[in-house]
């Protein structure tokens, strides 16, 4: 393995972690990402045993997960494989598809609540125009957040991931931290 | 009746008994030499100039609602002649000269106020572009000043100089620019045209053109057919709809532009300021309201109202540029319909139909053009020759490739 | 404004970028006879109706789909939305101009 | 004045506040207005034009008169309505629009001059001499105009924005709104109930009307308890729904902390964007007054307000009051006041033959025809059948009937319609889709009807959504008949105010009529009626009635006015909420940002990006020293620059090459795998759009780059081409801009440096020639992409690695390249290098340029159909003979300035003789002088000519020589070594 040392999207050696009230925000550099697009007329594969979800959906299977990103296009997630050439691994699982490495295109912030779904709903209200009531576990969508484009994934009732462009990591963290902090201040 | 300080004094002491209607309410005659469709700023200015400058007085202005009910009554009142391209700059400079003499000419105080405009500079590239534009203005005799950051700070110290996402690096100023009282412009031209014999007919909607053998004979209206030797159309916000009645398609889309006014405040902002890194421009009316606006809503619309995202975008721009306005309150917002052309510049031209003339496509810049637009359209109607400053404002420029694209955005109307 | 995305349901119009008349799907053949006149019409001339308008919106902060939305330009009421790609493919199959299809 | 009995104030919590510096006390639950009245303060402000003394006119957000500057310092808040400002301990308020003390305002002289200030007078004078307008008249007018003042300091508070979604939004928490919310929430719908007041109840809080034979507050309290238990109902107090937008989007402002001394760590206000499938408008009604002579004195107020102050706040502006009414509701005020122990000197009812409804003197068929009291009401004149008498009273309640608050129904330009029964405008049928009015807002203000209407409308709204709702058992309501009559103003010779704040009187309307300003919009604009901060809420209908009388037409034929958002004024700071400083917009940081920061780089904003502009070293005192050093390092050694900001798009698919052939003006499909080609994109209208490189990684896989500025736009255009223009091609696109850290390694030593990091690849000129590309590994196994491309004109590469390694790679290259002179360079040096090489950038690719102007005309292939190719050959574009040229000063020390215009030597300088302009300029260490690029008429044929570069804007003029735009290595030999 290369002797070059990576840094996190927020620019540090270690990922950032912060608890504000009932919410914990965690930068997740371990998440491997690659996009999968069907060739014209192609049929959806089942990489790593995943059933690729319908529009608006997210599906997990073991350390892998997939979410729909557009017609005939998905993002495949691999927990703990952020340092690897995950796209190459995916290519082997999905021959005949267009695969593109995306791991370092993004920064993933995993948000966990210790008080169930309500604090996540309150946080979403302040950040995105997505109805939290209709965004339960298994939902994923792309939307705007403070002039940035992000993916939201409801991984569980008490877990929400916000995945934004890596170069905007600092601004995205600032926006989430501010909103979460104000929920505490109230 | 001539207006003057003396007249105001006399009427005040005699109980305001002597005031007369500002214009008549005539019924349409069967035929006119020239019919102007549209009783907005440009239509009334055209009628005024036809009568006052070209001696054509058998003229009717047909307005479907009340005078000045279109964009002239719903804009942010800015006047300026700070354009880059020769095909535009000479025209707007002519307009500025007409503004400078408007009130004495029409004997009506339209409150033309040359308090200056500053276009702020935030990047080096922007400074280069503004230097090019400022030099064009100098060459056209319009005057311009390139301001350093310190000079801007001296003039408008309340801007965000110290904590800005997009720092202010200077500004391009035109001191002769400013504002005018929009309704006063309508009323001044209407009164001036009426006094010279023009029939101003309100509540008279044009529903069709009578065209035979490629020549226009008159217009069908909600008050019956009216004949005319020539018909000039100046119906900003309805250009495509009206010209479709003559079978024409135009190189334009209609979009909504919102504008905003705050509650009245004691003097806060001296002239006009435009943000160069966001969509926001602002001035303060004589009544004290902050008058401001930003970008188009961005989609085709005839609704005369807009949506929240643009309102927020404008307010965000304002707060980033001048966070001292935060405690002022927005009082009223409205939308005007902009006929956005494919190159962002207007059209004043004859059409392929004999006797039918078109004035439109003013995008969001029609107000400042009002005097020259009317003058030049009157010139075209009266002499059948374009005025020299409108020679590039032709309909065929798109197909031929002689575009008047000030900011180089291409054939995408909502980007101009 | 809410755009009724055919795959994702109603979405905030702020996620979208507007382009204009759906006739822009019907790009003329640049190598055909008389192409210049056809292109001038395609690039510059618009019906610009007050009423129903079929128009292109790009779901830029979403799934990156181009949509053909049928909307009333006077009331802003939206009557339907389709994937532009489907409209374009159907257009090729049937030769129906893109600005004259039926709303869903 | 001592407090009356009862009321909804907390007498155990005493709060101190100041008004014009004087300390007063009130109670929790007070508004500033009620607290002022409790302290016998009746004079609170001055009118806009005549500076007439003004008091409190209403008890709500419709207030035209009682505007104050609230708070101090940077939190100073002008034009705050005292009637809705909740009292808090330490509140500071000041009267405004005065010169000198409030009770001796020097500008009150305007009132004496009022005959000169009739409607429209501004338009008729101040025209001579011309120069005096800006210098004298206008400044004087501006100073006198306006109302309150801004502090001119940045707002120190925080603001939030948020989004809510619901099935039903209920606007207004009075009788109808509460019934609506209850009905819908019990049915299980997602409900938001918003009310502008601090507590629910609406008008019920101001009344003594009973529900189920008990005070209404008991019913409200029971409801609030139930509401708290319903998770699907969100109650938002202090929240004004100010506007209706398309497709069920409502704008609302929640005043989170305006009732507190400061917001502390929280926010002051929140802007909510509420997406509601349906909405019930239960906004109640606003009382109107009846203009009569001198009807604007402090102490004269709306009768319903007088009642509200007594019932809710236990205050009355005077011990002895009178009521002027044209309806039964006015009599209820008299009864309620008497019950509170206030003396009612009389009820003057314009209707003949009515009977008193309590023990007070009744003047039926009578009007109030005048008033006295310089700073506050002392007497009124009552006229009946031509006989007049004066009676003493300190306050007068005026009851002119109630106007439904239809405002939101008109926000989509729908028109309210006249209801001849209710004598008011009620919501028309063309209101916003999904919004249903209920209760008093719909003209059904009688209490029992309002309750039932609220429940029914909510059930109806839910039924539209397919949700069944059962109507709740509603309390039995005490009758509250209105009995409105058409009596609009008291005729007379003296001034009778219609619009209080803007000083519009009946006389002004008469004058507007006389001058043919009759359409209602002309009336408004000529007189300024309804244009004040209250938007004429208490004035407009009366004005229409007066105009109708003058024209002999009915009120609806005379017109209505369009209500525009916002319903009540909204602070700009909450609309523009969120970050206003450095976080106003997001920052994009390059992968080496932190490294550059640690090296002391100076950064610059490039769109969303922050980029290193230059890297100053110890001893360098001017940016030019740093930039010159960086440029020379590239020309003689090796420089390193983070170029991640260039857009990168991954293009895959069987038809990827054919697709790119249609996007780019030049041919791409002939490119071999492992090679890169420069690509030029045109807009469909034929002008140059963007440029970049196209690298073929495999037969069916390309990586293309765009300029930094156009990355998003080009991606959008590519998707448009893929989905809309050529949907039958097999192409997949995805952006990879952020995924790869891309570093330019440029200069004669670049190969030597890169050879030290690549693991095995052959970088020799033969093995990896100019315009080669490859995927390879570096630094012991890190996957990377290498492109041999050059922006500087030197031997150069761009190396890309996963973004997280960009920082470390830059460090490694610097370490390994120390002996080779490795030097980081920023955007300034990048700019100098590209100008020296004659590469177009943003200043040249400005949307006005044709390919030919850029010297790239031959790239536009005529053999294929690509976007913009055909249109680029149109007459006007082909006739444009301006060409990109290089420019140097005639003398080495001369200046070259971007933005200067070019003229033939000796020619007159006008727009018509203009020969072009300078697009970019820089000092070139390579040339040893300033150099520039510019577009010049027939530029390709004028090499060697001396031109004048005119910069009259800054009073400069320079003599420049036309040269090739390629100042460095015009043959390109250095690229290929």
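Protein chains in written order, with UniProt numbering: chain A, 1 to 186; chain B, 1 to 416; chain C, 1 to 104; chain D, 1 to 977.
Note that CB positions come from ideal geometry on N, CA and C, so glycine has one too.
Asked                                                                                                                                     : Found
Residue 5/D and residue 340/D closer than 8 angstroms at C-beta                                                                           : yes
contact_flag[the segment 500 to 513 of chain D, the segment 111 to 121 of chain D] where n(CB pairs < 8 angstroms) is 3 or more           : yes
CB contact below 8 angstroms: residue 76/C versus chain D                                                                                 : yes
Where residue 230/B sits in the DSSP three-state scheme                                                                                   : strand
Listed by chain order, chain A residues near residue 805/D by CB distance under 7 angstroms                                               : 4, 6
6 angstroms Cβ shell around residue 373/D - same chain, five flanking residues per side excluded                                          : 297
Assigned exposure category for residue 88/B - 16 Cβ within 10 Å defines buried                                                            : buried
Cβ-Cβ distance between residue 68/C and residue 54/C below 8 angstroms                                                                    : yes
Close Cβ partners of residue 738/D (< 7 angstroms) along its chain, the five nearest in sequence each way excluded                        : 803
Three-state secondary structure assigned by DSSP to residue 985/D                                                                         : The structure shown does not extend to residue 985/D, since chain D is modelled only from 1 through 977, so no value can be given for it.
Contact with chain D by residue 45/B, beta-carbon distance below 8 angstroms                                                              : no
Chain D contacts from the segment 84 to 102 of chain A (Cβ-Cβ distance under 8 angstroms)                                                 : 85, 98, 100, 101, 102
With 16 other Cβ atoms within 10 Å as the buried cut-off, status of residue 424/D                                                         : buried
Euclidean distance between Cα positions of residue 136/D and residue 270/B                                                                : 14 angstroms
Residue 14/C: contacting residues in chain A (beta-carbon distance under 8 angstroms)                                                     : 129, 144
Residue closest to residue 77/B, alpha-carbon to alpha-carbon, out of 409/B, 145/B, 110/B                                                 : 110/B
Beta carbon proximity, residue 371/B to chain D, threshold 8 angstroms                                                                    : no
Residues near residue 209/D by beta carbon distance below 8 angstroms, same chain, minus five either side                                 : 216, 447, 477, 478, 480
Coil, strand or helix - residue 104/C by DSSP                                                                                             : In this prediction, residue 104/C scores a pLDDT of 37, lower than 50, which makes its location untrustworthy; the coordinate-derived value is nonetheless stated afterwards. Coil, per DSSP.
Residues in the segment 56 to 72 of chain C having any Cβ partner in chain A nearer than 9 angstroms                                      : 59, 60, 61, 62, 63, 64, 65
Cutoff 6 angstroms; reference residue 58/A; Cβ partners in own chain excluding five residues on either side                               : 67, 138, 140, 153
Inter-stretch contact (C-beta, 8 angstroms, three-pair minimum) for the segment 827 to 835 of chain D and the segment 17 to 26 of chain A : no
Alpha-carbon spacing of residue 240/D relative to residue 31/D, whole angstroms                                                           : 17 angstroms
Residue burial classification, residue 19/B (beta-carbon count within 10 angstroms, cutoff 16)                                            : buried
Short CB-CB distance (under 8 angstroms) between residue 53/C and chain B                                                                 : yes
Own chain partners of residue 978/D with C-beta closer than 6 angstroms, once the 5 adjacent residues on each side are dropped            : In this structure chain D extends from 1 to 977, so residue 978/D is not present and cannot be described.
Among 363/B, 97/B, 219/B, nearest to residue 298/B - alpha-carbon criterion                                                               : 363/B
Anticipated Cβ contact below 8 angstroms, residue 43/B with residue 61/B, distance rounded                                                : 5 angstroms
Residue 165/A, DSSP secondary structure in three states                                                                                   : strand
Span separating the alpha-carbon of residue 432/D from that of residue 27/A                                                               : 44 angstroms
Amino acids of chain B, ordered along the chain, whose beta-carbon sits closer than 9 angstroms to that of residue 46/C                   : 240, 249, 250, 251, 252, 253, 300, 342, 413
For residue 251/D: DSSP bridge partner residues                                                                                           : 243/D, 273/D
CB contact check: residue 946/D to chain A, cutoff 8 angstroms                                                                            : no
Every unbroken alpha helix (DSSP H) within the segment 714 to 771 of chain D, with a cutoff of 4 residues, ordered by chain               : 750 to 755
Contact residues within the segment 169 to 203 of chain D, judged by C-beta distance below 8 angstroms to chain A                         : 190
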